[in-house]
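Letter by letter, the sequence shown follows residues 390 to 531 in the numbering used here. Where is the CB? At the ideal position from N, CA and C, for every residue including glycine. As the structure is a computational prediction, the values presented were derived from the model and not from experiment. One structure below.
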Amino acid sequence: MRRLRLELPKHFEFSVDIPVRIGDINYGGHLGNDSILSLVNEARVRFLNQNGFSESNIDGLGLIMIDSVIIYKSESFYGEILRIEITTDHMNKYGCDFIYRITNKETGKEIARAKTGVAFFDYEKKRIVKIPERFRAAFTSD
């Protein structure tokens with residue numbers, strides 16, 4: 390079986406520490422795969438808020454997730470504090486990728502890598518639209 394790879398950038402723009410909650414634990418007694426996506430979504434919302442945006446209103450437009458990738462590296466357990474680092478990548482006409490590295494804050498051990506691809510969406514017109522210039526300017530380095 391072919392394995393996916395997710396290369397990490399040299400620099401992350403933002404990080405946030407989030408504890409593993411009891412609801413994040415699966416029947417195996419460790420962090421569930423579905424919870425990783427929930428945690429990176431939380432990190433993305435905080436990252437956007439830090440930069441003056443929200444997922445539901447970026448200059449009148451919303452964000453929709455168009456794909457996601459999670460690469461599992463090691464287990465995590467209830468009560469551990471996860472450091473989630475995030476940056477933008479592959480900015481295009483309609484959206485971008487958010488890249489995440491999740492590590493155990495105390496040990497530094499990598500738990501997972503993830504990517505969520507998003508597109509800008511006009512909910513009134515029900516269609517994908519171009520990235521607002523203010524968003525592009527906030528996350529495009531010179």
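Integer Cβ distance of residue 473 from residue 437, believed to fall under 8 Å: Start at 1 with the first residue of the sequence shown, and residue 473 comes out as number 84. Start at 1 with the first residue of the sequence shown, and residue 437 comes out as number 48. That belief does not hold up - the Cβ atoms of residue 473 and residue 437 are roughly 14 Å apart, past 8 Å.
Going by alpha carbons, who is nearest to residue 482 out of 392, 524, 421 and 459? The sequence position of residue 482 within the sequence shown is 93, counting from 1. Closest option to residue 482, Cα to Cα, is 524.
Is the stretch 391-410 touching the stretch 483-502 in the sense that three or more CB pairs, one from each, lie closer than 8 Å? yes
Does residue 433 pass the burial test, meaning 16 or more other C-beta atoms within 10 Å, or should it be called exposed? Taking the sequence shown and counting its residues from 1, one reaches residue 433 at position 44. Answer is buried; the Cβ neighbour count reaches 16.
How long is the line joining the alpha carbons of residue 509 and residue 450, rounded to whole angstroms? Here the question's residue 509 lines up with position 120 in the sequence shown. Here the question's residue 450 lines up with position 61 in the sequence shown. Spanning the two alpha carbons is a distance of roughly 6 Å.
Return the first residue and the last residue of the beta strand (DSSP E) that residue 487 is part of. Stepping through the sequence shown from its first residue, residue 487 is reached at position 98. Its beta strand (DSSP E) spans residues 484-493.
Given that a residue counts as buried once 16 or more other Cβ atoms are within 10 Å of its Cβ, and exposed if not, what is residue 531? Indexing the sequence shown from 1 puts residue 531 at position 142. Reliability of the predicted coordinates at residue 531 is poor, the pLDDT of 45 falling under 50, and the value obtained from them is presented with this limitation in mind. When all chains shown are included, residue 531 counts as exposed.
Just to confirm, are residue 475 and residue 489 a CB contact at a threshold of 8 Å? The sequence position of residue 475 within the sequence shown is 86, counting from 1. The sequence position of residue 489 within the sequence shown is 100, counting from 1. Yes, the Cβ-Cβ distance between residue 475 and residue 489 is below 8 Å.
DSSP beta-bridge partners for residue 506? The count along the sequence shown starts at 1 and reaches residue 506 at position 117. According to DSSP, which records beta bridges pairwise, residue 506 is partnered with 456 and 486.
Residue 527: which of 441, 506 and 491 sits nearest, CA to CA? On the sequence shown, residue 527 is found 138 positions in, with the first residue counted as 1. Of the listed residues, the one whose Cα sits closest to residue 527 is 441.
Taking C-alpha atoms, which residue in 479, 465, 519 and 478 lies nearest to residue 410? Position 21 of the sequence shown, counted from the start, is the residue given in the question as residue 410. That would be 465, whose Cα lies nearest to the Cα of residue 410.
Check for me: the alpha helix (DSSP H) holding residue 472 runs from which residue to which? As a first step, residue 472 is located in the sequence shown; it is residue number 83 there, counting from the start. That residue, residue 472, is in no alpha helix (DSSP H); its beta strand (DSSP E) goes 470-478.
What residue does the beta strand (DSSP E) around residue 516 start on, and which one ends it? Reading the sequence shown from its first residue, position 127 is the one you call residue 516. Residue 516 -> beta strand (DSSP E) spans 516-518.
Cross-strand partners of residue 511 (DSSP beta bridge): The sequence position of residue 511 within the sequence shown is 122, counting from 1. Paired residues: 516.
Can you give me the start and stop residues for the beta strand (DSSP E) that residue 403 sits inside? The residue you call residue 403 lines up with position 14 of the sequence shown. Unbroken beta strand (DSSP E) run through residue 403: 403-408.
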